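The next block holds one structure in the form of structure tokens; read it before the comments.
Number of protein chains: 2
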Amino acid sequence: MLSFSDITAAYERIRRVVHRTPVLTSVSLDAIAGNALFFKCENFQRVGAFKFRGAYNKLASLTPEERKRGVVAFSSGNHAQGVALAARLLGVSARIVMPTDSPSPKMEATRGYGADVVEYDRIKEDREAIGRRIAEEEGRILVPPFNDEFIMAGQGTIGLEMAEQIGELDCVFFPVGGGGLISGNAVALKHLMPNVRIVGVETERGNDVFLSFRKGEIVTIPVPETIADGMRTTAPGPLTFEVIRKRVDDIVLVSDSEVVDAMRLIYERMKIVVEPTAAVPFAAVLKNDRNLRGRKIGIVLSGGNIDLENFFSLLHKSVR
Amino acid sequence: MLSFSDITAAYERIRRVVHRTPVLTSVSLDAIAGNALFFKCENFQRVGAFKFRGAYNKLASLTPEERKRGVVAFSSGNHAQGVALAARLLGVSARIVMPTDSPSPKMEATRGYGADVVEYDRIKEDREAIGRRIAEEEGRILVPPFNDEFIMAGQGTIGLEMAEQIGELDCVFFPVGGGGLISGNAVALKHLMPNVRIVGVETERGNDVFLSFRKGEIVTIPVPETIADGMRTTAPGPLTFEVIRKRVDDIVLVSDSEVVDAMRLIYERMKIVVEPTAAVPFAAVLKNDRNLRGRKIGIVLSGGNIDLENFFSLLHKSVR
Numbered sequence: 045m046l047s048f049s050d051i052t053a054a055y056e057r058i059r060r061v062v063h064r065t066p067v068l069t070s071v072s073l074d075a076i077a078g079n080a081l082f083f084k085c086e087n088f089q090r091v092g093a094f095k096f097r098g099a100y101n102k103l104a105s106l107t108p109e110e111r112k113r114g115v116v117a118f119s120s121g122n123h124a125q126g127v128a129l130a131a132r133l134l135g136v137s138a139r140i141v142m143p144t145d146s147p148s149p150k151m152e153a154t155r156g157y158g159a160d161v162v163e164y165d166r167i168k169e170d171r172e173a174i175g176r177r178i179a180e181e182e183g184r185i186l187v188p189p190f191n192d193e194f195i196m197a198g199q200g201t202i203g204l205e206m207a208e209q210i211g212e213l214d215c216v217f218f219p220v221g222g223g224g225l226i227s228g229n230a231v232a233l234k235h236l237m238p239n240v241r242i243v244g245v246e247t248e249r250g251n252d253v254f255l256s257f258r259k260g261e262i263v264t265i266p267v268p269e270t271i272a273d274g275m276r277t278t279a280p281g282p283l284t285f286e287v288i289r290k291r292v293d294d295i296v297l298v299s300d301s302e303v304v305d306a307m308r309l310i311y312e313r314m315k316i317v318v319e320p321t322a323a324v325p326f327a328a329v330l331k332n333d334r335n336l337r338g339r340k341i342g343i344v345l346s347g348g349n350i351d352l353e354n355f356f357s358l359l360h361k362s363v364r
Numbered sequence: 045m046l047s048f049s050d051i052t053a054a055y056e057r058i059r060r061v062v063h064r065t066p067v068l069t070s071v072s073l074d075a076i077a078g079n080a081l082f083f084k085c086e087n088f089q090r091v092g093a094f095k096f097r098g099a100y101n102k103l104a105s106l107t108p109e110e111r112k113r114g115v116v117a118f119s120s121g122n123h124a125q126g127v128a129l130a131a132r133l134l135g136v137s138a139r140i141v142m143p144t145d146s147p148s149p150k151m152e153a154t155r156g157y158g159a160d161v162v163e164y165d166r167i168k169e170d171r172e173a174i175g176r177r178i179a180e181e182e183g184r185i186l187v188p189p190f191n192d193e194f195i196m197a198g199q200g201t202i203g204l205e206m207a208e209q210i211g212e213l214d215c216v217f218f219p220v221g222g223g224g225l226i227s228g229n230a231v232a233l234k235h236l237m238p239n240v241r242i243v244g245v246e247t248e249r250g251n252d253v254f255l256s257f258r259k260g261e262i263v264t265i266p267v268p269e270t271i272a273d274g275m276r277t278t279a280p281g282p283l284t285f286e287v288i289r290k291r292v293d294d295i296v297l298v299s300d301s302e303v304v305d306a307m308r309l310i311y312e313r314m315k316i317v318v319e320p321t322a323a324v325p326f327a328a329v330l331k332n333d334r335n336l337r338g339r340k341i342g343i344v345l346s347g348g349n350i351d352l353e354n355f356f357s358l359l360h361k362s363v364r
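Going down the list, the protein sequences come from chains X and P.
The first sequence begins at 45 in our numbering and counts up by one.
The second sequence begins at 45 in our numbering and counts up by one.
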């Protein structure tokens, strides 16, 4: 299983290239939440999301021979950009499999980092199969989005920075997609703060990890329709789930509309833009199922990649 | 004239209540600008703008007798909220003179901090006269928006933090309204970094300080129509202008549409929301009249108070 030393080793590899993202606080949000909140702003990370940490750690861990072979990844989101930038920085060739109907800014950004984008038809083709075929035919290394200990360890470096920047916390909330972010950080934080509670949050429709956690084994759901596009995973991975089962204290759910309310509050009070997935843990803190009061709570804002039109239409629809 | 020790004294007064705002960097904006940029994020300051620093310093410097008399200020913008919050924290009664047609969120925020808002008709009445009358009739202390050495010294504490957070800089760009921000910081930064160049930026239509700087004496213009509402001042003050004349290296101009382009880039690449006034110095850095290359440049993002509708409509209009 992933260990603390995997994460400190990852930090040695990535610390000179990642942003040490700031931790923001807001007196008015503390008053609303009834707790002291510490927002770790990975929306300010390179490529606009935490995914760069894991991708860079993975690529920097490849042997010289593997680097020469190049990499391939499949993603319509932040992982694509993370792998593309890491590859460019390390001089590795990258092909990224993306659906033809991906938002054009994401495709452009991925190409902008120098990756070769392989488009596919989301309806007729299976991106994982395409990725594996390219890996096999071209001898490229497949860079999975979450179920990989180098990826998990890279994401876990967020916890190292939070411990240094904030000190002891009572509870830390994470968004959960495939589980790479929460698993790496659960290992990091439980080591550094033995009493911390680690809580993962999903949206009600993207509840694969919630169901798996409750059942004690991996549950697969159909591709969920949720505004939190980082949560359109259908199941945790064997590696991430092993850590989640052992190190995470709870997985809770919020609705899509609670996520939009959380995005708006973050915009209004903190002056920052986060994508829906990133607002999910704050939505859970506002909902406060656990009835916390007067605690020190960490919240990971995982990314800020949402274009202006989407941002506005989401928030505008629900202006009260 | 304002001295460096005024600013360190101000920092002693305010350091426990202000946010030490983060400095953000962006590799992609560095590439676009051809310089290494350091954004000091006062949009994350309490009340969403640097104005809280000066207001708190001013109120914390009042004698016990003066505090009992209460304060009065006139402002339709961030100064109102800065004074209101400082007053609440120090247990001082505050009346704020605001035009009846002020944006309702700003009025609500000012009332939310516990200040008494005195509305007036922008067409028929003179807010300065109303403010002075209230000060006289009620014995309140008038808190001016910029032309006051305690206000200037409070704003200058930004420069102290920048020196600690970034180290030596080649050049620092500020937005200029009445000159409180740039004058305080010119004194702080020229003391800490003797070779730094201090550049103020106004919009073409709000060019009162530009004209005054060129002429060497205070020039008054009619109330300018510019999207940078922090620049709707008609003249610098005698105290701020004295410092600007002696300590500022240049004042340059940008157009309103260059400001909108800068706001959009800040949104897209940095994932933060700034008000138009705050984007003005970055617009000048992009325009790069001085043809800087490979320099370390500081940019003060002065505030983030813009509501979603305005933000969207400004950026949307000019989407390319």
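The C-beta atom is built at its ideal place from N, Cα and C for all residues, glycine as well.
Since the structure is predicted, the reported quantities are computational estimates derived from the model, not experimental observations.
Other residues of its chain near residue i: CB distance less than 6 angstroms, five sequence neighbours each side excluded
i	result
Ala207 of chain P	Leu236
Val220 of chain P	Ile226, Gly244, Glu246 and Val253
Asp294 of chain X	Val243
Arg155 of chain P	Val161
Gly274 of chain P	Gly221 and Thr321
Bridge partners - residue i, DSSP secondary structure assignment
i	result
Pro238 of chain X	DSSP lists no partner for Pro238 of chain X.
Leu345 of chain P	P:Cys85
Thr247 of chain P	P:Val298
Asp160 of chain X	X:Arg139
Phe27 of chain X	The structure shown does not extend to residue 27 of chain X, since chain X is modelled only from 45 to 364, so the question has no answer here.
Ala93 of chain X	X:Gly347
Ile210 of chain X	Per DSSP, none; premise fails for Ile210 of chain X.
Ile44 of chain X	With chain X represented from 45 up to 364, any question about residue 44 of chain X goes unanswered, as that position is not in the structure.
Leu68 of chain P	P:Phe83
Whole-angstrom distance between residue j and residue i, CA atom to CA atom
i	j	result
Tyr55 of chain P	Asn101 of chain P	8 angstroms
Leu81 of chain X	Glu182 of chain X	47 angstroms
Gly228 of chain P	Leu106 of chain P	19 angstroms
Val187 of chain P	Leu68 of chain X	29 angstroms
Ala131 of chain P	Gly175 of chain P	16 angstroms
Val245 of chain X	Ile310 of chain P	29 angstroms
Asn239 of chain X	Val292 of chain X	12 angstroms
Thr278 of chain X	Ala124 of chain P	50 angstroms
Ala173 of chain P	Val61 of chain X	56 angstroms
Leu233 of chain P	Leu73 of chain X	33 angstroms
Ala128 of chain X	Val71 of chain P	15 angstroms
Asn79 of chain X	Met314 of chain X	16 angstroms
Any C-beta of chain P under 9 angstroms from that of residue i
i	result
Asn354 of chain X	no
Arg59 of chain X	no
Ile316 of chain X	yes
Thr321 of chain X	no
Asn122 of chain X	no
Arg364 of chain X	Bear in mind that a pLDDT of 41 at Arg364 of chain X, under 50, signals an unreliable position, so the number given afterwards is only what the model happens to contain. Chain P contact via Cβ: absent.
Tyr88 of chain X	The sequence as given places Phe at residue 88 of chain X; Tyr does not occur at that position. Yes, Phe88 of chain X lies at the interface with chain P (some Cβ there is under 9 angstroms from its Cβ).
Gly348 of chain X	yes
Leu359 of chain X	yes
Glu312 of chain X	yes
Arg308 of chain X	yes
His63 of chain X	yes
Residue i in three-state terms, based on DSSP
i	result
Glu286 of chain P	helix
Phe217 of chain P	strand
Leu358 of chain X	helix
Ile316 of chain X	strand
Val263 of chain P	coil
Ala80 of chain X	strand
Lys150 of chain P	helix
Lys25 of chain P	Any answer about residue 25 of chain P is impossible in this case: the structure gives chain P only from 45 up to 364.
Cut-off 8 angstroms between Cβ atoms - residues of its own chain near residue i, not counting five sequence neighbours on either side
i	result
Leu255 of chain P	Val263 and Ile265
Asp165 of chain X	Pro143 and Thr144
Asp214 of chain X	Asn239, Val240, Arg241, Leu336, Arg339, Lys340 and Ile341
Lys150 of chain P	Ser120, Gly121, Ala124, Gln125, Met142 and Asn349
Residue-chain proximity (residue i, chain X), Cβ-Cβ < 9 angstroms
i	result
Gly92 of chain P	yes
Val71 of chain P	yes
Leu68 of chain P	yes
Contact set for residue i: own chain, Cβ-Cβ below 7 angstroms, skip 5 residues either direction
i	result
Ala323 of chain X	Val303, Ala306, Met307 and Ile310
Arg111 of chain X	Leu134 and Val136
Arg86 of chain P	Reading the sequence as shown, one finds Glu at residue 86 of chain P and not Arg. So the qualifying residues of the chain are Thr65, Ala93, Phe94, Ile202, Val344, Leu345, Ser346 and Gly347.
Phe355 of chain P	Val317
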